[in-house]
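In what follows, a single structure is set out as structure tokens and then discussed.
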Amino acid sequence: MERTLQGRTALVTGSTSGIGLGIAQAFAAAGAKVMLHGLGAPGQIDQARAELFKLMGEDAPYSPADLSDPREVRRMCAQAQAELGRVDILVNNAGIQFTAPVEEFPEEKWDAIIAINLSSAFHATRALLPGMKEAGWGRVVNIASAHGLVASPNKVAYVAAKHGIVGMTKVVALETARSGVTCNAICPGFVRTPLAEKQVDAIMQAQGLDAEHALTDVLLHSQPSKKWVEIEEVAQMALYICGPNSGSLTGAALSVDGGWTAG
Ligand code: NAD
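According to the numbering used here, the sequence shown holds residues 2 to 264 in order.
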């Protein structure tokens with residue numbers, strides 16, 4: 002593995018699991034000092050920290066901040082600046098999902114999804130951009146979704162939040178265009194993670210289907226490849242965005258979706 006991030010520091014939100022953990026590992030393997038963040042059982046967090054220790058040769062700082070609370074987002078950012086020295090790379094990745102038709106969608110689920118999937122990225126970017134601008138180099142990577150570009154039924158809050166984060170990405174890119182900082186969104190299709198695999202189980206139960214049909218006919222209905230996107234494919238895209246040859250790549254919504262949004 003080329004150490005393209007040697008000497009860089011990164012905060013990856015929601016990195017105790019799934020895509021965030023994959024990005025944290027790819028960054029650490031490329032030489033970055035990474036701060037882990039996220040919720041989860043103590044065993045899961047210890048395991049993530051142990052895996053990063055092997056790659057970084059030192060303990061990864063860790064924050065359990067609940068990103069539904071803006072004060073905790075700000076505390077997490079201050080901790081990252083204190084423990085990493087400065088934050089060169091911010092990956093806004095933490096997210097949750099809930100599905101229901103609009104008129105049955107619980108108000109508290111709407112509030113939680115907008116707070117965690119959208120507003121937390123605003124609060125973290127707002128807190129960390131000044132340091133990046135001052136350093137003359139920075140990368141903000143927002144993990145959006147194919148649902149940041151197109152809609153599906155029953156996902157009103159998720160689709161609204163993900164479209165919002167694609168819009169925010171463009172604004173931050175314009176405002177930072179001459180500062181050495183870039184801001185991009187990655188828009189994955191369905192990625193093989195705990196969050197997505199739970200949806201296969203739900204479809205199997207609700208529709209009495211076996212795992213293969215629940216996956217290819219229902220969940221991956223819109224994904225022409227009929228294959229999961231793998232975590233490593235998303236992590237490598239994040240690594241490219243933060244690497245040495247991508248200074249002009251900014252304001253983009255980069256699809257990694259098996260052709261979903263080409264149709
Ligand atoms: P995951 O459930 O495996 O991980 C989510 C992470 O977010 C965990 O670390 C969790 O602790 C953290 N988190 C959740 N709520 C939080 C809160 N209130 N405060 C702090 N941390 C919180 O999910 P994943 O599939 O890896 O998803 C990561 C991101 O990728 C999300 O933004 C998701 O919308 C996006 N995404 C996922 C897929 C997919 O198919 N899995 C596709 C497109 C986009």
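Each residue gets a CB set at the ideal place from its N, CA and C atoms; glycine is no exception.
- Taken atom to atom, the span from the alpha-carbon of Phe-191 to that of His-148 is near 10 Å.
- The way I'd put it, the stretch 36-56 doesn't touch the stretch 113-125; fewer than three beta-carbon pairs between them come closer than 8 Å.
- Following the DSSP letters along the chain, one finds His-38 inside the beta strand (DSSP E) bounded by residues 34-38.
- Only residues of its own chain outside the window of five on either side were considered, and among them Ser-16, Ala-49 have a CB closer than 6 Å to the CB of Leu-22, listed in chain order.
- Along the length of the stretch 2-27, whole beta strand (DSSP E) runs at least 3 residues long occupy 10-13, reported in chain order.
- In the three-state reduction of the DSSP assignment, Gly-139 falls in the strand class.
- DSSP lists Ala-11, Arg-140 as the beta-bridge partner residues of Ile-90.
- Considering only Val-13, Gly-181, Ile-166, the residue with the shortest C-alpha distance to Glu-135 is Gly-181.
- According to the DSSP assignment, Ala-174 belongs to the alpha helix (DSSP H) that extends over 157-176.
- Leaving aside the five residues that flank Thr-251 on each side, the residues in its chain whose CB is nearer than 7 Å to its CB run, in chain order, Ala-174, Ala-178, Thr-183, Cys-184, Asn-185.
- Proximity to Thr-100 across Leu-37, Arg-87, Ala-203 peaks at Ala-203, based on C-alpha coordinates.
- In the displayed model, Asn-246 falls within coil according to three-state DSSP, outside both helix and strand.
- Arg-9 is the residue among Pro-65, Ala-113, Arg-9 whose C-alpha sits nearest the C-alpha of Arg-140.
- Placement of the Cβ of Val-151 at a distance of 6 Å or more from every heavy atom of the ligand NAD is found.
- According to DSSP, residue pairing for Tyr-63 in a beta bridge involves Leu-37.
- Counting along the chain, the unbroken alpha helix (DSSP H) around Ala-83 starts and ends at 71-85.
- Less than 7 Å separates the beta-carbon of Ala-61 from that of Leu-53.
- Beta-bridge analysis with DSSP links Pro-189 to Val-257.
- The beta carbon of Ile-187 sits closer than 7 Å to those of Val-142, Ile-144, Ala-145, Val-235, Met-238, Ala-239, Leu-255, Val-257, all from its chain and outside the five residues before and after it, given in chain order.
- For Phe-191, the distance from the CB to the nearest heavy atom of the ligand NAD is below 6 Å.
- For the pair Ala-263 and Val-103, the Cα-to-Cα distance works out to about 26 Å.
- In the structure shown, the three-state DSSP call for Val-151 is coil.
- Taking 7 Å as the cut-off, the Cβ atoms of Ala-113 and Ser-69 count as close.
- DSSP, read as helix, strand or coil, puts Thr-217 in helix.
- At least one heavy atom of the ligand NAD lies closer than 6 Å to the C-beta of Ser-18.
- Looking at the DSSP output, Ala-49 shares a beta bridge with no other residue.
- Taken from the Cβ of Gly-41, at least one heavy atom of the ligand NAD lies inside 6 Å.
- At least one heavy atom of the ligand NAD lies closer than 6 Å to the C-beta of Asp-67.
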